Each structure stands twice: as C-alpha cells, then as structure tokens.
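K.L.:
As numbered in the numbering used here, residues 257 to 403 make up the sequence shown, in order.
Each residue gets a CB set at the ideal place from its N, CA and C atoms; glycine is no exception.
In this text the structure is predicted, and so the values were computed from the model without any measurement.
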Amino acid sequence: MKEGYYPQWYLKNLGYIYKKNIIRTVIYFSIFFVFISMRIIGNHYKELNMRNKIQANKVIDLNSNNRDITTYTYNYIYEVILKENLKVITMNIDSDNIIINIKVIDKEDYSTSIKILEEKFSIIEVSSILKEDEELYFRARVKINGY
C-alpha cells in the first residue's frame with residue numbers, strides 16, 4: 257500500500273463520524289441557546305407583567321394644588337417595588353405621600369414587606385393585616401426620603 261493512502265470505506269466512516277459530531281454539537285448549542293433565551297424572555301415577561309399589574313391597579317389622586325411627586329419619583333417607586341417583588345394592589349398618590357396597598361400571604365410576608373418599606377421609604381403609617389375576599393393585604397402610607 258502507498259503511504260498516505262486511505263481506503264474509501266475508511267474515509268466514508270470518518271466523514272460519517274465528523275458529520276455526526278457536528279450535528280450533535282449544533283444540537284447541544286441550539287438547546288443551550290434556547291434555554292438562555294427562555295430565561296431572558298421569562299425575565300422580561302415577569303417585568304412586563306409586574307408593570308402591567310401596577311399600571312392596571314394604580315389609582316392616582318392629584319387633586320391638591322401641591323404636586324410635589326414627579327414622574328421621576330413615581331419611576332423610583334416602581335423600580336423599588338419591582339426589585340423587591342412587592343405585590344401591589346393599589347397605589348394612591350397624594351401631594352406628598354404615597355398610600356400603597358400590598359398583598360401579603362402571612363405574618364412573615366407582612367413583616368418582610370414592612371422591613372423593605374422601612375429601608376426604602378419613610379413610613380408614616382402602617383395598618384394591620386386586612387382581609388377582603390379571601391385576600392390578605394395591608395395599607396402603608398409612606399413618604400420618599402429626600403422629598
């Protein structure tokens with residue numbers, strides 16, 4: 257046999273093995289990228305869902321002459337609520353206070369939500385756990401620090 261000569265059946269086998277490995281690698285990469293894209297889409301869906309809940313349930317009262325709460329402040333409140341995963345039912349904005357109704361599951365969730373509000377805002381008033389239509393929530397009147 258000549259040096260460097262490979263039989264045809266051996267070359268066909270190598271081609272088959274290379275083709276199989278390339279297809280397997282492409283499938284693994286596509287599955288990997290599908291999982292990454294599902295995670296990214298899920299995070300965006302969660303953010304949009306939270307934004308829609310807040311916008312659908314918000315009640316804004318701006319009847320007073322003093323309108324100290326600006327769009328920047330409202331966006332700050334939204335970012336805090338979104339980051340901390342507070343379940344907001346309604347949000348009323350007065351001239352310098354924000355009244356937020358937050359859905360809770362139990363007393364631990366209630367105390368955790370209050371701690372989050374204490375860290376981010378100046379709490380003026382907090383109600384006890386209220387119950388309406390098998391839904392537990394509490395009402396907090398807060399003022400943003402620095403406003």
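Since I believe isoleucine 372 is in contact with leucine 342 (beta carbons under 8 Å), could you give me their beta-carbon distance rounded to a whole number of angstroms?
P.N.:
Going by Cβ atoms, the distance from leucine 342 to isoleucine 372 rounds to 7 Å, so yes, they are a contact pair.
K.L.:
Would you tell me roughly how many angstroms separate the C-alpha atoms of leucine 392 and lysine 275, rounded to the nearest one?
P.N.:
Spanning the two alpha carbons is a distance of roughly 60 Å.
K.L.:
My assumption, with CB atoms under 8 Å, is that asparagine 357 sits in contact with threonine 346. Please give the rounded CB distance.
P.N.:
With 8 Å as the limit, asparagine 357 and threonine 346 qualify as a contact, their Cβ atoms being about 5 Å apart.
K.L.:
In angstroms, rounded to a whole number, what distance separates the CA positions of tyrosine 330 and methionine 294?
P.N.:
One C-alpha to the other measures close to 30 Å.
K.L.:
Compare the beta carbon distance of phenylalanine 377 and lysine 399 with 8 Å and say whether it is the shorter of the two.
P.N.:
Going by C-beta atoms, phenylalanine 377 is nearer than 8 Å to lysine 399.
K.L.:
Counting along the chain, where does the alpha helix (DSSP H) carrying isoleucine 385 start and finish?
P.N.:
Where isoleucine 385 is concerned, there is no enclosing alpha helix (DSSP H), given that its DSSP letter is neither H nor E.
K.L.:
Can you tell me the Cβ-Cβ gap for leucine 386 and arginine 395, rounded? I've got them flagged as a contact below 8 Å.
P.N.:
Contact flag correct, Cβ pair sits at about 7 Å.
K.L.:
Exposed or buried, what is serine 286 when buried is set at 16 or more other beta-carbons lying within 10 Å of its beta-carbon?
P.N.:
Under this definition serine 286 is an exposed residue.
K.L.:
Which class does tyrosine 274 belong to by DSSP, given the choice of helix, strand or coil?
P.N.:
Residue state, collapsed to three classes: helix.
K.L.:
Going by DSSP in three states, leucine 342 sits in which element: helix, strand or coil?
P.N.:
In the structure shown, leucine 342 sits in coil (DSSP, three-state: anything other than H, G, I, E or B).
K.L.:
When you compare only the Cα positions, how much space is there between proline 263 and histidine 300?
P.N.:
Taking the straight line joining both Cα atoms gives about 55 Å.
K.L.:
Among the candidates Tyr272, Asn269, Gly298 and Glu340, whose CA atom is the shortest distance from the CA of isoleucine 370?
P.N.:
The residue with the shortest Cα to Cα distance from isoleucine 370 is Glu340.
K.L.:
Between the C-alpha atoms of glutamate 390 and isoleucine 361, what's the straight-line distance to the nearest angstrom?
P.N.:
Approximately 11 Å, taken between the alpha carbons.
K.L.:
So for tyrosine 266, helix, strand or coil by DSSP?
P.N.:
If DSSP states are grouped into helix, strand and coil, tyrosine 266 belongs with the helices.
K.L.:
Can you say whether isoleucine 333 is buried or exposed, counting buried as having 16 or more other CB atoms within 10 angstroms of its CB?
P.N.:
Classification of isoleucine 333: buried, given that the 10 Å Cβ count is 16 or more.
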